[in-house]
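Each residue of the sequence shown is one higher than the last, beginning at 56 in the working numbering. We put the CB at the ideal spot given by N, CA and C, even for glycine.
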Amino acid sequence: MSSLASFLMVASGILCLTGTVASKSRPTIVAAAVMVFAMVDLAYTDHVPAVVWSGALLLAGICLAVFLRSSSRVPSPRRSPALVASGPGGEPESEADRGLRSSAVPERSGSGASHPGPTAAILSAITYPVMAWQVLNHGAHMSGSTHAGGHGHHAGDMSLISTFLTVAVVVLAMLLVICAVHDIVRRRPLVSLDCWGMAAMIVVMQFLH
Numbered sequence: 056m057s058s059l060a061s062f063l064m065v066a067s068g069i070l071c072l073t074g075t076v077a078s079k080s081r082p083t084i085v086a087a088a089v090m091v092f093a094m095v096d097l098a099y100t101d102h103v104p105a106v107v108w109s110g111a112l113l114l115a116g117i118c119l120a121v122f123l124r125s126s127s128r129v130p131s132p133r134r135s136p137a138l139v140a141s142g143p144g145g146e147p148e149s150e151a152d153r154g155l156r157s158s159a160v161p162e163r164s165g166s167g168a169s170h171p172g173p174t175a176a177i178l179s180a181i182t183y184p185v186m187a188w189q190v191l192n193h194g195a196h197m198s199g200s201t202h203a204g205g206h207g208h209h210a211g212d213m214s215l216i217s218t219f220l221t222v223a224v225v226v227l228a229m230l231l232v233i234c235a236v237h238d239i240v241r242r243r244p245l246v247s248l249d250c251w252g253m254a255a256m257i258v259v260m261q262f263l264h
């Protein structure tokens, strides 16, 4: 692995961690921290086998998917229009009371939200298994560089799978960039760093490893 690729991998991991800290989501912060440790070890120290980091990244992606699924099942309390239009005793709410209530409750805006959107969260959860495959592929490439031989049919099958996964990585990176731009438009530049880092990470690991 080149020094440029090693630096970009670690820098991308730090960007992801910064974005998750800005989003204030503990599961994503833990997953990003695991990714940063994995990238530092794979790029510089090489103390832990690649298969172990691959399993850790896969587990992080599964945990994020479970967290997203469980959080989506939590119902949000909503008041029906009839209850909003009426007071506690069932009487219609006056215009003065409605104006007082609306001024007391701050209006929510997209710029004040710090958590990532559902699409970005889903793409982040998908990216971790992709990175797990890339780390495992990197470990196999490094260990297989000292071996030669193999069957032509098996090599052809692996080449087809590798081409398909390369296209999938490019598409996933483009979707992450779109989500990052969307976060910037909604005035959440720090949160967008997660998607920027994810996109850079998978591209670097796919083409510069």
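Length of the line joining the Cα atoms of residue i and residue j
i	j	result
isoleucine 216	valine 222	10 Å
valine 225	methionine 94	20 Å
tryptophan 251	serine 67	8 Å
alanine 77	leucine 245	6 Å
cysteine 71	leucine 248	6 Å
leucine 123	alanine 60	31 Å
glycine 172	valine 107	30 Å
alanine 235	serine 127	22 Å
lysine 254	valine 103	Residue identity check: residue 254 is alanine in the sequence provided, not lysine. Going from the Cα of alanine 254 to the Cα of valine 103 covers about 24 Å.
leucine 231	threonine 75	14 Å
glycine 110	aspartate 101	16 Å
leucine 263	aspartate 238	27 Å
leucine 227	valine 240	20 Å
serine 125	proline 184	19 Å
glycine 96	serine 214	The question names glycine, but residue 96 is aspartate in the sequence shown. Spanning the two alpha carbons is a distance of roughly 28 Å.
valine 121	serine 58	36 Å
Limits of the alpha helix (DSSP H) - the one that residue i falls within
i	result
arginine 241	First-last for arginine 241: undefined, no H or E at that position.
threonine 100	Run containing threonine 100: none; DSSP gives neither H nor E here.
serine 61	58-78
Which listed residue (the options) has its alpha carbon closest to that of residue i
i	options	result
leucine 191	Leu112, Ile181, Arg124, Ala86	Leu112
alanine 98	Thr182, Leu63, Ser125	Leu63
threonine 182	Ile69, Thr73, Ala87, Ser80	Ala87
tryptophan 188	Leu220, Ile233, Val240, Leu231	Leu220
leucine 119	Pro104, Asp96, Ser109, Arg81	Arg81
isoleucine 69	Met90, Ser58, Lys79, Ser57	Met90
arginine 243	Ile84, Val121, Ala175	Ala175
histidine 193	Thr83, Ile233, Ile257	Ile257
glutamine 261	Ser58, Met186, Ile177, Thr100	Met186
glycine 116	Leu227, Ala228, Thr83, Ser58	Thr83
isoleucine 233	Pro184, Leu178, Thr73, Ser214	Leu178
valine 85	Val65, Leu114, Ser58	Leu114
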